[in-house]
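**Q**
Number of protein chains: 6
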Amino acid sequence: MKILIANPNTSDAMTAMMVDEARRHCRPDTEIHGISADFGVPYIATRSEMAIAGYALLDTLARRHNGYDAVIVGAFCHAFVPAAKELMPVPVVGIAEAAMRAAQILGRRITIIGLGAPDRGANEDIIADLGMESHIASIRRLPLSGTQLTEDQAAADEMVIEQGKKAIEEDHADVLVLGGAAFAGMAERIATRVPVPAVSPVPNAIALVEVALRTGWRKPSKGASSPPAAKQTTGLSEELGGLFASAVAGNE
Amino acid sequence: MKILIANPNTSDAMTAMMVDEARRHCRPDTEIHGISADFGVPYIATRSEMAIAGYALLDTLARRHNGYDAVIVGAFCHAFVPAAKELMPVPVVGIAEAAMRAAQILGRRITIIGLGAPDRGANEDIIADLGMESHIASIRRLPLSGTQLTEDQAAADEMVIEQGKKAIEEDHADVLVLGGAAFAGMAERIATRVPVPAVSPVPNAIALVEVALRTGWRKPSKGASSPPAAKQTTGLSEELGGLFASAVAGNE
Amino acid sequence: MKILIANPNTSDAMTAMMVDEARRHCRPDTEIHGISADFGVPYIATRSEMAIAGYALLDTLARRHNGYDAVIVGAFCHAFVPAAKELMPVPVVGIAEAAMRAAQILGRRITIIGLGAPDRGANEDIIADLGMESHIASIRRLPLSGTQLTEDQAAADEMVIEQGKKAIEEDHADVLVLGGAAFAGMAERIATRVPVPAVSPVPNAIALVEVALRTGWRKPSKGASSPPAAKQTTGLSEELGGLFASAVAGNE
Amino acid sequence: MKILIANPNTSDAMTAMMVDEARRHCRPDTEIHGISADFGVPYIATRSEMAIAGYALLDTLARRHNGYDAVIVGAFCHAFVPAAKELMPVPVVGIAEAAMRAAQILGRRITIIGLGAPDRGANEDIIADLGMESHIASIRRLPLSGTQLTEDQAAADEMVIEQGKKAIEEDHADVLVLGGAAFAGMAERIATRVPVPAVSPVPNAIALVEVALRTGWRKPSKGASSPPAAKQTTGLSEELGGLFASAVAGNE
Amino acid sequence: MKILIANPNTSDAMTAMMVDEARRHCRPDTEIHGISADFGVPYIATRSEMAIAGYALLDTLARRHNGYDAVIVGAFCHAFVPAAKELMPVPVVGIAEAAMRAAQILGRRITIIGLGAPDRGANEDIIADLGMESHIASIRRLPLSGTQLTEDQAAADEMVIEQGKKAIEEDHADVLVLGGAAFAGMAERIATRVPVPAVSPVPNAIALVEVALRTGWRKPSKGASSPPAAKQTTGLSEELGGLFASAVAGNE
Amino acid sequence: MKILIANPNTSDAMTAMMVDEARRHCRPDTEIHGISADFGVPYIATRSEMAIAGYALLDTLARRHNGYDAVIVGAFCHAFVPAAKELMPVPVVGIAEAAMRAAQILGRRITIIGLGAPDRGANEDIIADLGMESHIASIRRLPLSGTQLTEDQAAADEMVIEQGKKAIEEDHADVLVLGGAAFAGMAERIATRVPVPAVSPVPNAIALVEVALRTGWRKPSKGASSPPAAKQTTGLSEELGGLFASAVAGNE
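Protein chains in written order, with numbering that gives the first Met the number 0: chain A, 0 to 251; chain B, 0 to 251; chain C, 0 to 251; chain D, 0 to 251; chain E, 0 to 251; chain F, 0 to 251.
#1: For A:S220, which of helix, strand or coil comes out of DSSP?
#2: Name the DSSP beta bridge partners of E:L141, please?
#3: Near C:Y42, what residues of its chain come up, given a Cβ to Cβ distance below 7 Å and the 5 sequence neighbours on each side ignored?
#4: Among A:I104, A:D151, A:S236 and A:N203, which residue has its Cα nearest to the Cα of F:S224?
#5: In chain B, which residues lie with their C-beta within 7 Å of the C-beta of C:Q103?
#6: In the DSSP assignment, what are the bridge partners of D:A197?
#7: Can you tell me which of the three DSSP states D:G240 falls into?
#8: Go through its chain and collect everything with a Cβ distance to D:G240's Cβ below 7 Å, but skip five positions before and after it.
#9: Can you find a C-beta in chain A that's less than 8 Å from the C-beta of B:M49?
#10: Can you pull the chain C residues whose beta carbon is under 9 Å from the beta carbon of D:T9, in chain order?
#11: For E:G163, name the three-state secondary structure that DSSP assigns.
#12: How would you call C:D58, buried or exposed, if buried means at least 16 neighbouring beta carbons within 10 angstroms?
#13: What do you reckon, are the CB atoms on D:N122 and D:G178 nearer than 8 Å?
#14: Does the Cβ-Cβ distance between C:L207 and B:A36 come in under 8 Å?
#15: Residues of chain F with a CB under 8 Å from the CB of E:G53: which are they?
#16: Quick one: residues in its chain with C-beta nearer than 6 Å to the C-beta of F:I34, no 5 flanking neighbours on either side, listed in chain order?
#17: For F:A248 and D:M131, what's the separation of their Cα atoms in angstroms?
#18: Looking at the unbroken beta strand (DSSP E) that takes in A:L3, where does it start and where does it end?
#19: For the 8 Å Cβ check, are there 3 or more pairs between the stretch 182-189 of chain B and the stretch 173-188 of chain C?
#20: With 8 Å as the threshold, decide whether the Cβ of A:I109 is near any Cβ in chain F.
#21: Please list, in chain order, all residues of the same chain as D:V18 whose beta carbon is under 8 Å from its beta carbon, the five residues on each side excluded.
#22: What is the DSSP secondary structure of D:S225, reduced to helix, strand or coil?
#23: So, using beta-carbon positions, are B:R192 and B:I160 closer together than 8 Å?
#24: What is the rounded straight-line gap between the Cα of D:R108 and the Cα of B:Q152?
#25: Cα separation between F:A52 and B:A172?
#26: In the DSSP assignment, find the alpha helix (DSSP H) that holds C:V72 and state where it starts and stops.
#27: CB-CB under 7 Å to C:Y67, same chain, minus the five flanking residues each way: which ones, in chain order?
#28: Any beta carbon from chain B within less than 8 Å of A:E85's own beta carbon?
#29: Classify F:S35 as helix, strand or coil using the three-state DSSP reduction.
#30: Can you name the residues of chain E whose CB is closer than 7 Å to the CB of D:P219?
#31: Do the CB positions of E:A228 and F:M49 come within less than 8 Å of each other?
#32: Mind reading off the beta-carbon distance from A:S137 to A:A166? Whole number of angstroms is fine, and I expect it under 8 Å.
#33: Nearest by alpha-carbon distance to E:I126: which of E:L143, E:L60 and E:A102 is it?
#34: Report the residue from D:A74, D:V198, D:D128 and D:K218 whose alpha carbon sits nearest the alpha carbon of D:L56.
#35: Would DSSP call A:I43 helix, strand or coil?
#36: Restricting to Cα atoms, I'd like to know which of E:C76, E:V70 and E:G93 is closest to E:D124.
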C-alpha cells in the first residue's frame, strides 16, 4: 500500500515532519511519501490563502499522484479537500477531517488547540464544513509559530497541557484535537498529563486510509467525490488540464 | 461610481451579457465594466472547477481591480467570494448571495432554477455556504446550456415558466431565483406569467452595491473581510503575490 | 415609480425622517410618500405593542395604499410584515428584513444597534422570524430615545462608534445594523470611523423595492404572500373589511 | 378557580362548544366562562386574519378579563398568544400550545389534523412559533368547515380515523393533534379505533391551567410575559388604552 | 383511575414523597400508589447509573404494573422512559418530560434547578432527549442532597429563590423547573417570592395522565411506543422475560 | 495490545464472527478476544431491548474486562455505549460510532444498510445520539435475519448491491454503512460492484482503537467518560456493584 501525503503549502519542513510521523504509525507494509506544493503560501491562515493552496494542491497532485493508492491532504484545513476528492483518480482524505471525526468518538465536546495568531476563520471553517458546530467546546490558540513549536517541544508541551486543562475546566471539553502537523508526537508525550484524550491528525488519517483501502475503498464513480464531466480548460498546466479533459462524469 | 464585474470563468460572452444587464439596471451615474478570468474553465459545475475559478478570480482581480469602487463576482457560485472579499482592497459582493438574500425578502420558500446537467453540488454549496437550508423549496434544472438558453429566449422562457409553476405546485415555492447570468432579462419578460416573483442576480447585486457604497461601504479593516497579515509567497504572479506581501492584517 | 412608506406607529416625526432619508437615496424617477398609523402606539417595544401596530398598519394601509406601486413598512420590526404582504394588493417589504438581509451580504456576524431600554424581544423576534439566529453576534442598545438620538446627532454618533467597536472586539461582529429609522444618515457619517460596514434600513429597503419592481415584482397570486380567500368580517373599517370581502384566494 | 376561554374569532357557536367541552373535563371546583371577539373574523386561516384576531383578542380581553384567575385563548393558532400573555394582568395559555406540548409527551412524531382548505401557514406558523419543526410528521386537512364537522360527527369521525391511519402508515406519525375546537369530544370517541393517541386542545389547556394555578402560577413580573412599560396610546378603546397606560414594566 | 408512580431508584423515602405530592394534587377520583426499584442505585446522577436504573425499572414494573391504568416514571431523568413506554402494556409518562413541556408553555427560556454536585450530563441528557436545547436558559444546582433538602425546607426555599433570581437576571430565564421529586410542595411555597413561574414535576405528570386517560389514551399499537415483536430472552426474571415473550409487534 | 469485543447480546455466533473479522484486519501485534452477554436478548431491535442489553453489557464487562487495553462494544447500536465509557476503567468504543464517523469522511450523504424488519428506531437512535441527522441519505433494510445473511453470502451480496444502487440513485447517497456485524467481509467483496464506498463497522473500530491507544488514549479522569462518584448499590452482581463502590469521580 503506497500513500502520498500532499502538503498544499510550500513548507518542506512540515511535509517532512508529517511523513516522519506517518511512518512511525503506519502498518509494516505501508509505504509513505510526501510532497509540498510547488508554489503558493508557506502556511494557511486565511480564506484567500486557502484559495491559493487549493489550486496549488490540485496542480501539484495532477503532476505527482501517479503510483499511489491514496492521497492524504496534509494541512489542518478542509476547504479544498472536496475538490481533490472529486478530481483525483485515487481516494483522498484530509488530516483535519480524520482528526475531527476521531475526536467525536473519543469525546463529546471538542477543543481544537491551534497555533499562532487568531486565524481568521480557518478552524471555524473546518467546523462549519464538517457540520460540527454543536460538538465544539472551544478553539484555543498557542502564541507560537509552527517553527517555534518544533524547536522547543518541552515548552510547547507545557503550553498545550495548560491550555488543555483550561479547556476542560472553563469550556467543558472532553477531548483535544492537536490542530496541525507541527504537533507531531505530542499526543503520546502528554497523554499521562492531561485528563482527557488528545488526537493527532496524521496518525488518524493513516489509520483511516489503511482500513478503508483494506476493506475495498476505491475512487467513487458516483456521488460527491466522483469525477466531473470532461471539459476543455485554458491556461492550466498540461497535467491539470489533462485531468479535466479526460474526466468521465459519474453523476451525469 | 465605478463597478467591476469579474467573471471567474473564461467565457467573454457571459461577461458581456452581465455587463449589458447591469448597465440597463444601474443608476445613471454608475459606470460598469467587466472582465473574464485569464485562465481556467468556461463555466463552473463542480468543486474542482470552483477551486480553479477561485484562484483565477484572485489572480485576475489582482491585476485589474485598480480604479474601481467595488467588485461584483459574476458567477452563480459562492465558494470563492469570501476569499476575494478578504484579499481585495475594495468591497466585493457575489451575484449569488445578492440574489439569494433578495429572494428571502420576496418569498419564504425559494426555488433555484439552474441550467444544464445536475451540477454536483454547486447550488447545494451556495445554500450551505449562506446557511439557507431551511429556506429552500427546491432546485430545478433546465436541460439547456447557457448558450442554448441565450440563443432561443422564447423557448427558454417557456421552460422556466413551466418549471416555476411546478415548483409552486409541487415544492410550495413562493419565489424563484434565476440561477445564472444567462437568464439576463428573463425576470421582467416572464413576470406576468408566473404567479410568484422571480429574482435576477445581476440587477440585485448592482442595487446592493450602489446603496451600500452610497451609505458608506468601504473595505473593512476588521472582521472576516479584512486583509490577511502580510506574507511572502512563492510562484504567484507579481500582482497576486504583491497583494499578499503588502497586506496589513486587520484582525491581528 | 411611487412608493409608500407606512409607519405602523403614530409618530409623524419618525415618518418624516424616513421619507427624507428615502428621498435622498432613491433613484431620480422614484416618488416617495409617507403615512403614520391613525391610532395605536408612538413606538413599538413589546409584543402587545406589535399586535396593536399590526392592526393599525393593516387598517391604515387599507385606506391609503391606492396609487402606489409598493409599500415599505417603516418600523424595525417584522411580526406584522407578512400580514401586510398577504392582504395588500401591492408588493410590501419591511425595513428590518431589508437591512438584515443586506447585512448578511456585507458581513458574517451581525450586531444590531438598538435604542432605549431592553426591548423585551422585539429585536430577538426579528432574528427568529427571519431565521437568522446563527448569523448574529449580538444586540447592543443605546440608552437613548429616538427623540434624544435625533436631537444630538454628534453625541449619538459617538455612542454608536463606541458600541460598534465593542461589538467588533467582544462579540466578533463584522457588520452593524442600525436598528431603527432614527439612525437616518448615520451610516454615512460614521463610515470612516468604524472598521466594519454599517447598514441603514430605509435606503436598503428603497434599493430593494426599486430593483424588484424594475425586474417585474408584482403582488403574488400564489404562495405565502398571495391574498386570502374572500371572507365576511364584523366591526372593521369599511376599507379594511372591504379588502377581506373582495380578496380572491391565490392558494385555494 | 375561575377560567375565561377567550375566542379571538367572532363565532359564538365555537365559543359555546369550547366552554361545553371544558366543563366536561375540568375539576369539580373549576368555573368556566367563554367570550367571543366583539369584532373581526369568524375563523382564522391566514396571517392577515391573525393580525385582526390578535387585536380583537386584546381589545375584548381588556374589557372582560376582570374576575378570572386565568385566560385560555381559544383558537388553534399561536401568533397572538404571547401578546396576551404580556398585556393581561392574569396568566394566559393558548389551546394550541397546550395540545402540541402534550402531544410531544404522548408521541415522538406529531400529525396535526386540520380543517378546511389549506390554511396558508396557520398550522405551519404554530410549529415554527413553538420551535417544533423536528417533531412533526405531517399536517393533514379534512375537506370540511367547522360547521360541517359538528353537524355530522359520525362522518367526521370516519374521516379523521382514515386520515389518522394514513398519517401513521405514510408519515410515520405516532400521535395525532386534533387541531381545532370543532373536534370537541372526538378524541374519546375514536380512541379505540386509531392505534395511536389523539390529543384534544381544550381539555389539555384546562388541565394545564388547573395544575399551574394550584402550584402557584401568577402573572410574571419579569421575563417575556411580564407587563410592558407604561405608555400613552392613541385611538384605542378606553380599557385597552388603560392597560398600556397603567402597565408597570417588569423588565426595565 | 389508578396510577402507579414507579421510582427507578431504590429510595423508598423519595417514593413516599412523590406519592404524597401526587395525592394532594390529583382529582378526587384518582387513586395513586408508588413503588421503588427492587435493586440498583439510591439516586441517578450519571449515564451508567441510568443504565442500571432503566433495567431495574423494567424489571420492577414487569412484576408490579398489573391493575394500573397508567404508569408515571418518578425520576427527573428521561433516558429509560421510552423503553418503559414501549414494553409496558399500559400508557407511561415521565415526570421530567411532563415538567419540561409544561415549562415550555409557562415561559420561553427555562432554567432547571437541580440538586447536589454537577450531575455529569443527566440534566443535559434530558434536554437533548427532548430536543429542547434552544429553549434552555441554564441549569443551576443547589449544593444539597435530596435528604438535606427535605430536612430543612425553609433553608432550601431560600436557596431556590436566590438561584431563581440569579437565573432571571443573569441567564434571562422566564420559567423555573424544580428538577426532582425532593422539591415537592416548594413551587406553591415560593410562588409569591419569585417573579416567574416555577414548575413541579409530579403534579404536572398527574394532570397530564388524568386528562390523557379521560380523553382516550391507551397503550398504542403502532408507532414508537407500541410493543416490540415477541422474542425469547435468557436469564431475565420470569415476569420481564414474559413481557418479551408475549409481546405482539405493532410496528411489524 | 489486547482488545476485548463485548457483544451486549447473547448470540455467540455473532460474537465469533466479529472476532474473526477483527483478527483479519488488526495489526500483527494486536490480540483480540470476544465475549457475549451472559443474559438478555439474542439481538437488539427496540428501545426496551436496548435497556436490557445495556445492563447486560455493564454486568458482563464488570466481570470480564480485566487484562484488556480497550473494549469494543460489538452491536450496531449506540444508546448504552456512553454508560460503558463512563463505568469501565479502560477506554471503550462502539462499532456503530466507528463506522458512522468513518462514513462521514468517505462520503457526504450516508445510507445505512440494515437487517430484518423495520427496527423501530434503533438506527434512527444511532443517528440522533451521534447528532448526524443532516448527514443521512436513508436507512434501507434487507428482509433477512443475521443468520440468513451469513448462510447465503452470495445472495446477500446481491441484495446489498441492489439496495446500495437504489440508495445512490433515489436517495443520493455517496457512502454506505453496512449496519451490523453479520455483514463481516462484505465490503471487500462488493467493492468493485458498487460505485461508492461501503464501510465495515468492526474493522473501523479496530483501526480507531489501535491508533488511539498508540497515540496515548487512556481512560479519562475528567469529562463525560470519566468515572462516576463512588456509590453504594443494592442487588447488583458483586463485580458490577464493586465498580460503583470503588469509582472515584473525575468530575466532582
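Using N, Cα and C, we set each Cβ at its ideal position, and we do this for glycine too.
None of the values given here were measured: they were computed from a predicted structure.
**A** Once the coordinates are examined:
#1: If you number the first sequence from 1, residue 220 of chain A lands on position 221. Note: A:S220 maps to coil in three-state DSSP.
#2: As a working mapping, residue 141 of chain E is identified with position 142 in the fifth sequence. In DSSP, E:L141 forms a bridge with E:L114.
#3: In the third sequence, counting from the first residue as 1, residue 42 of chain C sits at position 43. So the qualifying residues of the chain are N8, S10 and G145.
#4: Position 225 of the sixth sequence, counting from 1, holds the residue named residue 224 of chain F. The residue with the shortest Cα to Cα distance from F:S224 is A:I104.
#5: Here residue 103 of chain C refers to the residue found at position 104 of the third sequence. The contacting residues are R100.
#6: Walking along the fourth sequence from the start, residue 197 of chain D turns up at place 198. D:A197 is bridged to D:L175.
#7: Within the fourth sequence, residue 240 of chain D is the residue found at index 241, counting from 1. DSSP places D:G240 in helix when its eight states are reduced to three.
#8: As a first step, residue 240 of chain D must be located in the fourth sequence, where it is residue number 241. Around D:G240: T232.
#9: Within the second sequence, residue 49 of chain B is the residue found at index 50, counting from 1. Yes, B:M49 counts as interfacial toward chain A.
#10: Reading the fourth sequence from its first residue, position 10 is the one you call residue 9 of chain D. Near D:T9 (Cβ distances below 9 Å), the residues of chain C are T232, T233 and G234.
#11: For the purposes of this step, residue 163 of chain E is identified with residue 164 of the fifth sequence, where counting begins at 1. Here E:G163 sits in helix by DSSP.
#12: Taking the third sequence and counting its residues from 1, one reaches residue 58 of chain C at position 59. When all chains shown are included, C:D58 counts as buried.
#13: Start at 1 with the first residue of the fourth sequence, and residue 122 of chain D comes out as number 123. Start at 1 with the first residue of the fourth sequence, and residue 178 of chain D comes out as number 179. Taking 8 Å as the Cβ cut-off, D:N122 and D:G178 qualify as a contacting pair.
#14: Counting from 1 along the third sequence, the entry for residue 207 of chain C is found at position 208. Counting from 1 along the second sequence, the entry for residue 36 of chain B is found at position 37. No, they are not a contact pair.
#15: Counting from one through the fifth sequence, the residue named residue 53 of chain E turns up at place 54. Residues of chain F passing the Cβ test: A50, G53 and Y54.
#16: Walking along the sixth sequence from the start, residue 34 of chain F turns up at place 35. Within the same chain, F:I34 has close Cβ partners A5 and R63.
#17: The residue you call residue 248 of chain F lines up with position 249 of the sixth sequence. The residue you call residue 131 of chain D lines up with position 132 of the fourth sequence. For F:A248, the pLDDT reaches just 48, beneath the cut-off of 50, and the residue's location in the model is therefore unreliable, although a value from the coordinates is still provided. Between F:A248 and D:M131, the C-alpha separation is close to 37 Å.
#18: Here residue 3 of chain A corresponds to residue number 4 of the first sequence, with the count starting at 1. Per DSSP, the unbroken beta strand (DSSP E) holding A:L3 starts and ends at K1 to N6.
#19: no
#20: Within the first sequence, numbered from 1, the residue matching residue 109 of chain A stands at position 110. It does not; no Cβ of chain F falls within 8 Å.
#21: Along the fourth sequence, one-based indexing puts residue 18 of chain D at 19. Excluding positions up to five away in sequence, the list reads I4, I31, H32 and G33.
#22: Position 226 of the fourth sequence holds residue 225 of chain D. Residue state, collapsed to three classes: coil.
#23: Translated into positions along the second sequence, residue 192 of chain B becomes position 193. Translated into positions along the second sequence, residue 160 of chain B becomes position 161. Yes.
#24: Position 109 of the fourth sequence, counting from 1, holds the residue named residue 108 of chain D. Position 153 of the second sequence, counting from 1, holds the residue named residue 152 of chain B. A straight-line Cα-Cα distance of about 47 Å links D:R108 and B:Q152.
#25: As a first step, residue 52 of chain F is located in the sixth sequence; it is residue number 53 there, counting from the start. As a first step, residue 172 of chain B is located in the second sequence; it is residue number 173 there, counting from the start. In a straight line, the C-alpha of F:A52 is about 47 Å away from that of B:A172.
#26: Taking the third sequence and counting its residues from 1, one reaches residue 72 of chain C at position 73. Element bounds for C:V72: not the alpha helix (DSSP H) but the beta strand (DSSP E), A69 to V72.
#27: One-based indexing of the third sequence puts residue 67 of chain C at position 68. Cβ within range, chain order: K1, I2, L3 and V89.
#28: Indexing the first sequence from 1 puts residue 85 of chain A at position 86. Closer than 8 Å: yes.
#29: Taking the first residue of the sixth sequence as 1, we reach residue 35 of chain F at position 36. Reduced to three states, the DSSP call for F:S35 is strand.
#30: Locating residue 219 of chain D in the fourth sequence gives position 220, where the first residue counts as 1. Here the neighbours are D173, P194, V195 and P196.
#31: Looking up residue 228 of chain E in the fifth sequence gives position 229. Looking up residue 49 of chain F in the sixth sequence gives position 50. It is not a contact, given that the beta carbons lie outside the stated cut-off.
#32: Position 138 of the first sequence, counting from 1, holds the residue named residue 137 of chain A. Position 167 of the first sequence, counting from 1, holds the residue named residue 166 of chain A. The Cβ separation is near 6 Å, so the contact holds.
#33: Taking the first residue of the fifth sequence as 1, we reach residue 126 of chain E at position 127. The residue with the shortest Cα to Cα distance from E:I126 is E:A102.
#34: Here residue 56 of chain D corresponds to residue number 57 of the fourth sequence, with the count starting at 1. Residue D:A74 is the option with its Cα nearest to D:L56.
#35: As a working note, residue 43 of chain A is residue 44 in the first sequence. Of the three classes helix, strand and coil, the one that applies to A:I43 here is coil, per DSSP.
#36: As a working note, residue 124 of chain E is residue 125 in the fifth sequence. Comparing C-alpha distances from E:D124 to each of E:C76, E:V70 and E:G93 shows the shortest one belongs to E:C76.
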